[in-house]
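Structure, as structure tokens:
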Amino acid sequence: MRRKLQIRWLVVGLSLLAAVWYLWPTLRFYSMPAAARDELRRDDPSAWDRLKQGAIQLGLDLQGGMHLVLELDETERSFTGDEQSDAIDRALEIIRNRVDQFGVSEPLIQKVGDERIIVELPGIQDEERAKNLVQQAAYLEFQLVVDGQSAIDQIQAVDAALAGREIQTAGADTVAASSDSLAPPTDADAADPRAAADTVAPDTTAGRTLEELTGVSDTAVADTTGGAGFAAGDRPLSSRLQTLPRGNDQNDFLVPENEVPEVMAMLADTAARSALQPGYEWAWGGEPQTFTDGRSYKALYLVNSEALMTGEAVATASAGFDPQAASQPIVTLDLTSEGATQFGDVTRAHVNQRLAIVLDQVVRMAPNIRQPIMTGSAQIEGFDSVQEARDIAIVLRAGALPAPLEVIEERTVGPSLGADSINAGKVAGTVGLLMVMGFMAFYYRGAGLIADIGLILNIVLVLAALAAFGATLTLPGIAGLILTVGMAVDANVLVFERVREELALGKTVRAAVDAGYDRAFVTILDAQITTLIAAAVLFQFGTGPIKGFAVVLTIGIVCSIFTAVFVTRTIFDTWTRRSSATRLSI
Amino acid sequence: MIWLFQNANYPFLKYKKWGYAISLGLTLLAVGVIVARGGLRYSIDFTGGTLVQLKFDQPVESQQLREALSSMEGLSSSEVQRFGDPTDVVIRAQVPEGEEDVFGDRIESHLRAAPQLEGREFEVVRTEAVGPKIGDELKTQAVLAIVYALVLILIYVAIRFDLKFGVAAIAATVHDVVMSIGIFSLANKEISLAVVAAFLTIVGYSLNDTIVVFDRIREDLRGMRREPYATIVNTAVNQTLSRTFITSGTTLLVVLFLYFLGGSVIHDFAFALIIGIVIGTYSSIFIAAPLVVDWHRRFEEGRAPASGPGKKKARAR
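Residue numbers (this note's numbering), protein chains in the order written: chain A, 1 to 586; chain B, 1 to 317.
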């Protein structure tokens, strides 16, 4: 008997040792001042990694960050089963690449089923930016701009097709919405920079005013006196366009911002589409620019549908500043050797034509080709900031997604809310624990104190198990830990009530304790297994935070059986055997 | 020695009609409340939509925010609620489909520019955006999860005890879940993912209580063969009464602290647990145990002597 007891103590001691071993990194990591953490990260990255890996991970809801669920947007093209799974795999790889280059510590990028990707970015500050980076299709195309009389002919053809008709406005929203999803409404979509810089930027002195421009356009296509109504006029399209001459018989067409949805609806109209010469398509510029008349305009281009080159020609992309205008952020594209040849051919064949650089169906810029470019590099301008240029360079480097991704779920938590939650959880947990311990000691006296030891050991073991399994502690997980405190004493309550009954029947202390533990054990198992079943289902069902709850609950139940039955009984047995006790404080 | 219910011998089964009546009445009331309110109130987890939680630098009136939001385009409906501290508010918005994820930012910039909030500083501490597709899926999954949990537990209890105990346990648990949902609806609280998780926990917890009682019934059936079935069950309920109260008490205690001190994010979750613990304790005494007796009376009495719950004897001890 004595020997058996020794083995039991050995098991208790070993589990305590293991717990301390696994909890050590957590204690060290979370007690470190921020400065010391930074120092360690800088001076010894591998030690830092080991420490961080060993410590209990906090969920996004506690440390702050962003959780995204993405799905392939199939509005443009749909995928068959195999294609879809392949597309998701490629998308996953590309997103991983982008996020790595973006520099997020410990991102989680995961495929769910065959159609979704989960991206978790802890501690993200600029959510919008991160989201664009992940979501952007980054499909780059070089398309020729249709200029001169050809463009005017097409506009007139569309005018003729739509003249005097009601335009289906129903389409307007969907067109606008789909263009939104193709090019996420990022401020990255700046309009053609040269338009702003050279001619009509609000603060420019050299620029021509819009009045002058409309003077020019009187003879061409624009008619600013067009009717106000949606179906008005003989020239529904051209009456809504302003022209911005670029020399060489090249014109940008500008649409007042408030009329953009109408024009989108017109261009989407079946008649308007069939009036357009096959092989041509419309392409919009990015964010509207404010011109000298105080109004905002969005640029519209007529381009050749066929792309002369795509992003596949790009070997690498880097952000920097324009050597000519040092404050201008640019992205330099270095082309592959094939791409360089291709680009040389294209530029040689189309001198004095405009080449639109179209990223995710938004025209970033449409420069005139002055001479063949044989250097194998190209530049994109027109970014609001270096940061934006840097992000575009990242997505171009990592490559295009097989299709745009749609965000179907997004959850972000700021770091301050997470910290508040941790603190509130700590307070609630500590107070709850003390109250339960107090009650047990009050109601069961000495036996209650033994149960309290088991309870504390239980919490230590649960936390150690979380660290050992690399599980993530979430806010519901903290709730699970607190709930475990309440439920863990259940096993002891069952035992103690039983021991009391046995004592009341007149059994000796030792017999009563033995009978109490033996009889209660089956009940404890039966009762806890139902909770385990519920926790298992919960784990299957839940998303991140709730999974965290299920994990803690499961570990808590298993540990509580060990601490409340095995550990407390070991203490009891030692006590009753050593002191040949005739009375039991219970 | 302090003893909560020493040698308790309350005639619980005598009042079982009352228990059934109260439970039936309350369940009908719960269903009535849900129907009267036009169905359950689901959070954006299930309906899809956008949620933004803001923290202001000083206490803010919800009314100001409502006015500021009323001028916002594209917002088909929105709801402003104080969230914990008087400086914190949550805005829930139904937005055009497909735009859930961009609306959080739009709401933020709209509010920053709103004249009603001039001079007020705030910080966005949480945003959630759920597409309607995900919401529908989650709804199905939530229902399935609860059903799976119930079925698995029914099987487990039927194997460990016998069918009658399994059915009684599940009936009591379904009762608990329906009642909890009803009280949630009555309190006009939203059903969110976390709340469903709490309901699932209730399923496990409420059974925990029930099974302790059943275990004692099984044991007493062996020791008290001569007594009528109902007496044995009643004795078992009384014998486990202290334990039932103490465990429920300690669990309720910690969950109450979680509710009052655990922070606003966890509030509804804790609320669901509180309801579940109270109802679960009640139902194991007044629903589960009497159902076992009634089932026995209806289907088993006269066929065989009251020889314990079926063939499976506990193999311990």
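Even for Gly, the Cβ is constructed at its ideal location relative to N, Cα and C.
On a predicted model such as this, the values are computed, not experimentally measured, just so you know.
With H, G and I counted as helix, E and B as strand and the rest as coil, what does DSSP make of residue 297 of chain A? The residue given as residue 297 of chain A occupies position 297 in the first sequence. Looking at residue 297 of chain A - three-state DSSP - the assignment turns out to be strand.
For residue 209 of chain B, which residues does DSSP report across the bridge? Looking up residue 209 of chain B in the second sequence gives position 209. None; residue 209 of chain B has no bridge partner.
Output needed in chain order: residues of the segment 466-499 of chain A with a Cβ under 7 Å from some Cβ in chain B. Listed by position, the residues of the segment 466-499 of chain A near chain B (Cβ gap below 7 Å) are 475, 476, 479, 482, 483, 485, 486, 487, 489, 490, 493, 494, 497.
For residue 42 of chain B, which three-state DSSP category applies? Mapped onto the second sequence, residue 42 of chain B falls at position 42. DSSP places residue 42 of chain B in the strand class (E or B) of the three-state scheme.
Tell whether a beta-carbon distance below 8 Å holds between residue 193 of chain B and residue 357 of chain A. For this step, residue 193 of chain B is matched to residue 193 along the second sequence. For this step, residue 357 of chain A is matched to residue 357 along the first sequence. Not a contact, by the Cβ cut-off of 8 Å.
In chain order, what residues of the same chain have a beta carbon less than 6 Å from the beta carbon of residue 230 of chain B, not counting five sequence neighbours either side? In the second sequence, counting from the first residue as 1, residue 230 of chain B sits at position 230. Counting only Cβ-Cβ distances below 6 Å, and skipping sequence neighbours, we find 13, 293.
State the start and end residues of the unbroken alpha helix (DSSP H) segment that holds residue 70 of chain B. In the second sequence, counting from the first residue as 1, residue 70 of chain B sits at position 70. Looking at the DSSP string, the run of the alpha helix (DSSP H) that includes residue 70 of chain B is 62-70.
Where do the ends of the alpha helix (DSSP H) carrying residue 267 of chain B lie? Here residue 267 of chain B refers to the residue found at position 267 of the second sequence. For residue 267 of chain B, the enclosing alpha helix (DSSP H) covers residues 267-283.
7 Å Cβ cut-off: residues of chain A touching residue 172 of chain B: Along the second sequence, one-based indexing puts residue 172 of chain B at 172. Residues of chain A passing the Cβ test: none, with the nearest at roughly 12 Å.
Starting from residue 77 of chain B, trace the beta strand (DSSP E) in both directions and tell me its first and last residue. Taking the first residue of the second sequence as position 1, residue 77 of chain B is located at position 77. Where residue 77 of chain B is concerned, the enclosing beta strand (DSSP E) stretches over 77-83.
Name the residue from A:346, A:383, A:344, A:320 whose alpha carbon lies nearest to the alpha carbon of residue 286 of chain A. Translated into the one-based positions of the first sequence, residue 286 of chain A becomes position 286. With distances taken between CA atoms, residue 286 of chain A lies nearest to A:383 out of A:346, A:383, A:344, A:320.
Closer than 8 Å, CB to CB, is residue 264 of chain A near chain B or not? Stepping through the first sequence from its first residue, residue 264 of chain A is reached at position 264. With respect to chain B, the C-beta atom of residue 264 of chain A has no partner C-beta closer than 8 Å.
Output yes or no for whether 8 Å exceeds the beta carbon distance between residue 154 of chain A and residue 308 of chain A. To locate residue 154 of chain A, count along the first sequence from 1; it is residue 154. To locate residue 308 of chain A, count along the first sequence from 1; it is residue 308. No Cβ-Cβ contact shorter than 8 Å links residue 154 of chain A with residue 308 of chain A.
Any idea what DSSP makes of residue 110 of chain B, helix, strand or coil? Sequence index remark: in the second sequence, residue 110 of chain B carries index 110 (1-based). Correct three-state label for residue 110 of chain B: helix.
8 Å Cβ cutoff, residue 407 of chain A in contact with chain B: Along the first sequence, one-based indexing puts residue 407 of chain A at 407. Chain B contact via Cβ: present.
Does any C-beta atom of chain B lie closer than 8 Å to the C-beta of residue 425 of chain A? Start at 1 with the first residue of the first sequence, and residue 425 of chain A comes out as number 425. At a cut-off of 8 Å between beta carbons, residue 425 of chain A contacts chain B.
State the DSSP-derived secondary structure class of residue 49 of chain B, mapped to helix, strand or coil. Here residue 49 of chain B corresponds to residue number 49 of the second sequence, with the count starting at 1. Of the three classes helix, strand and coil, the one that applies to residue 49 of chain B here is strand, per DSSP.
Buried or exposed: where does residue 103 of chain B fall if 16 or more other Cβ atoms within 10 Å of its Cβ makes it buried? Walking along the second sequence from the start, residue 103 of chain B turns up at place 103. By the 10 Å Cβ count, residue 103 of chain B comes out buried.
8 Å contact criterion, which residue 483 of chain A and residue 147 of chain B should meet: CB distance rounded: Within the first sequence, the letter at position 483 stands for residue 483 of chain A. Within the second sequence, the letter at position 147 stands for residue 147 of chain B. Going by Cβ atoms, the distance from residue 483 of chain A to residue 147 of chain B rounds to 23 Å, so no, they are not a contact pair.
Residue 150 of chain A, enclosing alpha helix (DSSP H) - first and last residue: As a working note, residue 150 of chain A is residue 150 in the first sequence. Counting along the chain, the alpha helix (DSSP H) containing residue 150 of chain A begins and ends at 148-162.
Own chain partners of residue 130 of chain A with C-beta closer than 8 Å, once the 5 adjacent residues on each side are dropped: As a working mapping, residue 130 of chain A is identified with position 130 in the first sequence. For residue 130 of chain A, where only same-chain residues beyond five positions count, the Cβ hits under 8 Å are 66, 102, 104, 121, 124.
Short check: CB of residue 62 of chain A to CB of residue 422 of chain A, under 8 Å? Here residue 62 of chain A refers to the residue found at position 62 when the first sequence is read from its first residue. Here residue 422 of chain A refers to the residue found at position 422 when the first sequence is read from its first residue. Yes; because the gap between Cβ atoms is below 8 Å, this pair is in contact.
Chain-ordered residues of the segment 280-303 of chain B with a beta carbon less than 9 Å from chain A: For the segment 280-303 of chain B, the set of residues with a beta-carbon nearer than 9 Å to any beta-carbon of chain A is empty.
Just to confirm, are residue 109 of chain B and residue 206 of chain B a CB contact at a threshold of 8 Å? Locating residue 109 of chain B in the second sequence gives position 109, where the first residue counts as 1. Locating residue 206 of chain B in the second sequence gives position 206, where the first residue counts as 1. At the C-beta level, residue 109 of chain B and residue 206 of chain B stay beyond 8 Å of one another.
Run down chain A in chain order and give the residues with a C-beta less than 9 Å from the C-beta of residue 9 of chain B. In the second sequence, residue 9 of chain B corresponds to position 9, counting from 1. Here the premise fails: no neighbours, minimum Cβ distance about 14 Å.
Would you say residue 16 of chain B and residue 228 of chain B are within 8 Å of each other, going by their C-beta atoms? On the second sequence, residue 16 of chain B is found 16 positions in, with the first residue counted as 1. On the second sequence, residue 228 of chain B is found 228 positions in, with the first residue counted as 1. Not closer than 8 Å, so no.
Cβ of residue 211 of chain B less than 8 Å from any chain A Cβ? On the second sequence, position 211 is the one that residue 211 of chain B refers to. With 8 Å as the cut-off, residue 211 of chain B counts as an interface residue toward chain A.
Residue 30 of chain A, buried or exposed, once every other Cβ within 10 Å from all chains shown has been counted against 16: Looking up residue 30 of chain A in the first sequence gives position 30. The residue is exposed, with fewer than 16 neighbouring Cβ atoms inside 10 Å.
What do you reckon, are the CB atoms on residue 395 of chain A and residue 92 of chain A nearer than 8 Å? Stepping through the first sequence from its first residue, residue 395 of chain A is reached at position 395. Stepping through the first sequence from its first residue, residue 92 of chain A is reached at position 92. Between residue 395 of chain A and residue 92 of chain A, the gap from beta carbon to beta carbon reaches 8 Å or more.
Are the beta-carbon atoms belonging to residue 146 of chain A and residue 300 of chain A less than 8 Å from one another? As a position in the first sequence, residue 146 of chain A is number 146, starting the count at 1. As a position in the first sequence, residue 300 of chain A is number 300, starting the count at 1. Against a cut-off of 8 Å, the Cβ pair of residue 300 of chain A and residue 146 of chain A comes out as no contact.
Is the separation between the beta-carbon of residue 19 of chain A and that of residue 464 of chain A shorter than 8 Å? On the first sequence, residue 19 of chain A is found 19 positions in, with the first residue counted as 1. On the first sequence, residue 464 of chain A is found 464 positions in, with the first residue counted as 1. Yes. Within cutoff.
Considering just the uninterrupted stretch of the beta strand (DSSP E) at residue 104 of chain A, what are its terminal residues? Counting from 1 along the first sequence, the entry for residue 104 of chain A is found at position 104. Premise fails: residue 104 of chain A is in no beta strand (DSSP E) and is neither H nor E.
Can you grab the Cα-Cα spacing for the pair residue 391 of chain B / residue 295 of chain B, in whole Å? Nothing in the structure corresponds to residue 391 of chain B, since chain B is present only between 1 and 317.
Contact list for the segment 528-545 of chain A against chain B, Cβ threshold 9 Å: Going along the segment 528-545 of chain A in chain order, one finds 528, 529, 530, 531, 532, 533, 534, 535, 536, 537, 538, 540, 541, 542, 543, 545 with a Cβ nearer than 9 Å to chain B.
Say whether chain B places a C-beta atom closer than 8 Å to the C-beta of residue 98 of chain A. Reading the first sequence from its first residue, position 98 is the one you call residue 98 of chain A. Not a single C-beta of chain B is nearer than 8 Å to the C-beta of residue 98 of chain A.
Do you know offhand how far residue 315 of chain A's Cα is from residue 38 of chain A's? Here residue 315 of chain A corresponds to residue number 315 of the first sequence, with the count starting at 1. Here residue 38 of chain A corresponds to residue number 38 of the first sequence, with the count starting at 1. Between residue 315 of chain A and residue 38 of chain A, the C-alpha separation is close to 35 Å.
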